[in-house]
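Residue numbers (the working numbering), protein chains in the order written: chain A, -18 to 27; chain B, 82 to 319.
Written below as structure tokens is the structure these notes are about.
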Amino acid sequence: MLSVNAGAHIKLMPDAGLLVSIGREIYNHDSVRATLTAYLGWQILR
Amino acid sequence: MRALLAQSSFLRMKSQTLESKPVVIHRTYLTPPPLINFVRVVTWYSWTFLGYLSFVVFIGSIALGRPPIETEDTGTPDDGKWEINTAWTYTRSSRAKDSTLPTLDVNYGIGSSIQLKYEIAGLERRAAGEKIQRAISDSIAGIKWRVRDQENFPISVFPQIQFQTPGSKARDKALTEDGITTSFPWQTSRVIGLSSIDLELGPVFHAHADPRWISGLALTRPFGQRLELAIEFRDEVS
């Protein structure tokens, strides 16, 4: 399985930020290929 | 932040497990019509070009990635500090749409080179013709240790174990696999200018499957004080 993903971290506050990524599997011989993967998150540092 | 990447791997395990269930695929024709083939080719080359373009942009100066990609870096939270990530994730395939809401990934720094990790998520699977399945995911616990704490060539190891969360019905609903999964990935990084390259390689052992190897190459670069971008190529083979 080979995948490619691109992501971003956007620092919105001194101790918190937005996390975003998107990607897909280029090929997958063992299972059904994921045509889209997405991530939307929030990170807190304390 | 790279802890987020592990979440994706974790979710992907779920996804593969789910997709291993028998699913009836309705085929309208034996071979795709030319238009569908054309779309597939255009899509393939678009992604390839995107990857190549991103690589060219980043290769001049790469930095340790902080955006949510799968390849881990060697970084750990500062001593006594928390890194808490909550997220919605989504995976689409021809057979199902899997998502988590939320994914909770909690990390804690001990000293200058140790990180403790615990991760859990709420799983949901939507497949055509099937009832929506929801359950609490397996748990993932891990310890990252930066073995070589050098600025320009650090090395870390991040053993992790995935096990059934007490009270979870995910395995009854075939959302996760039976048995315990352990992984022992190693990471290293190379800083070039503002950017960095992260490399990760290690084995994954599952109670009921052959060992697998995961590898990842991530290129990351900050843009200003508030934005950091990354791209990665990730492989997994048995």
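All C-beta atoms in this analysis are idealised placements derived from N, C-alpha and C, irrespective of residue type, glycine included.
Nearest-angstrom beta carbon gap, residue 199 of chain B and residue 218 of chain B [assumed within contact, 8 Å]: Numbered from 1 along the second sequence, position 137 holds the residue referred to as residue 218 of chain B. Numbered from 1 along the second sequence, position 118 holds the residue referred to as residue 199 of chain B. No, residue 218 of chain B and residue 199 of chain B are not in contact; Cβ-Cβ is about 12 Å, not under 8 Å.
Closest Cα partner of residue 276 of chain B within the set B:160, B:260, B:284 and B:305: Counting from 1 along the second sequence, the entry for residue 276 of chain B is found at position 195. Checking every option, the nearest Cα to that of residue 276 of chain B belongs to B:305.
Residue-level contact to chain B via CB, residue 17 of chain A, 9 Å cutoff: If you number the first sequence from 1, residue 17 of chain A lands on position 36. Interface residue, yes.
Bounding residues of the beta strand (DSSP E) (the contiguous stretch that carries residue 288 of chain B): The sequence position of residue 288 of chain B within the second sequence is 207, counting from 1. No beta strand (DSSP E) contains residue 288 of chain B, which DSSP labels as neither H nor E.
Any C-beta of chain A under 9 Å from that of residue 162 of chain B: Sequence index remark: in the second sequence, residue 162 of chain B carries index 81 (1-based). Residue 162 of chain B belongs to the set of residues whose beta carbon lies under 9 Å from a beta carbon in chain A.
Residue 290 of chain B burial status per 10 Å Cβ neighbour count (16 or more: buried): Along the second sequence, read from residue 1 onward, the residue named residue 290 of chain B stands at position 209. Counting other Cβ atoms within 10 Å of its Cβ, residue 290 of chain B stays below 16 and is therefore classed as exposed.
For residue -8 of chain A, the residue or residues it bridges with in DSSP: As a working mapping, residue -8 of chain A is identified with position 11 in the first sequence. Residue -8 of chain A pairs with A:-2.
Whole-angstrom distance between residue 259 of chain B and residue 243 of chain B, CA atom to CA atom: Counted from its first residue, the second sequence places residue 243 of chain B at position 162. Counted from its first residue, the second sequence places residue 259 of chain B at position 178. Straight-line Cα distance between these residues: approximately 10 Å.
Assigned secondary structure, residue -17 of chain A (DSSP; H/G/I helix, E/B strand, else coil): Along the first sequence, one-based indexing puts residue -17 of chain A at 2. In the structure shown, residue -17 of chain A sits in a strand (DSSP, three-state: E or B).
Supposed contact pair residue 182 of chain B and residue 188 of chain B - C-beta distance, whole angstroms, cut 8 Å: The count along the second sequence starts at 1 and reaches residue 188 of chain B at position 107. The count along the second sequence starts at 1 and reaches residue 182 of chain B at position 101. Contact doesn't hold; Cβ gap of about 20 Å is too wide.
Check whether residue 285 of chain B and residue 232 of chain B have beta carbons under 9 Å apart: Counted from its first residue, the second sequence places residue 285 of chain B at position 204. Counted from its first residue, the second sequence places residue 232 of chain B at position 151. No. Outside cutoff.
Assigned secondary structure, residue 234 of chain B (DSSP; H/G/I helix, E/B strand, else coil): On the second sequence, position 153 is the one that residue 234 of chain B refers to. Coil at residue 234 of chain B, not helix or strand.
heavy atom of the ligand MG below 8 Å from residue -3 of chain A C-beta: The ligand MG is not part of this structure, which contains no ligands at all.
Residue closest to residue 225 of chain B, alpha-carbon to alpha-carbon, out of B:287, B:156 and B:255: The residue you call residue 225 of chain B lines up with position 144 of the second sequence. Out of B:287, B:156 and B:255, B:156 has the C-alpha closest to the C-alpha of residue 225 of chain B.
Residue from A:-15, A:-12 and A:-1 with nearest C-alpha to residue 165 of chain B: Here residue 165 of chain B is taken as the residue at index 84 of the second sequence, counted from 1. For residue 165 of chain B, the nearest C-alpha among the options comes from A:-1.
9 Å Cβ cutoff met for residue 241 of chain B and residue 222 of chain B: To locate residue 241 of chain B, count along the second sequence from 1; it is residue 160. To locate residue 222 of chain B, count along the second sequence from 1; it is residue 141. Against a cut-off of 9 Å, the Cβ pair of residue 222 of chain B and residue 241 of chain B comes out as a contact.
Residue-chain proximity (residue 243 of chain B, chain A), Cβ-Cβ < 9 Å: Start at 1 with the first residue of the second sequence, and residue 243 of chain B comes out as number 162. Output row for residue 243 of chain B: interface = no.
Residue 194 of chain B at chain A interface by Cβ criterion, 9 Å: Here the question's residue 194 of chain B lines up with position 113 in the second sequence. Residue 194 of chain B is outside the set of residues whose beta carbon lies under 9 Å from a beta carbon in chain A.
Proximity test, Cβ basis, 9 Å: residue 314 of chain B and chain A: Residue mapping note: residue 314 of chain B aligns to position 233 of the second sequence, counting from 1. Answer yes: the Cβ-Cβ gap between residue 314 of chain B and chain A drops below 9 Å somewhere.
Range covered by the beta strand (DSSP E) that runs through residue 9 of chain A: Numbered from 1 along the first sequence, position 28 holds the residue referred to as residue 9 of chain A. From DSSP, residue 9 of chain A is part of no beta strand (DSSP E); its letter is neither H nor E.
Residue environment, residue 151 of chain B, which counts as buried when at least 16 other CB atoms sit within 10 Å: Here the question's residue 151 of chain B lines up with position 70 in the second sequence. Buried, since its Cβ has 16 or more Cβ neighbours within 10 Å.
Assigned exposure category for residue 210 of chain B - 16 Cβ within 10 Å defines buried: Position 129 of the second sequence, counted from the first residue, corresponds to residue 210 of chain B. By the neighbour-count rule (16 or more Cβ atoms within 10 Å), residue 210 of chain B is not buried but exposed.
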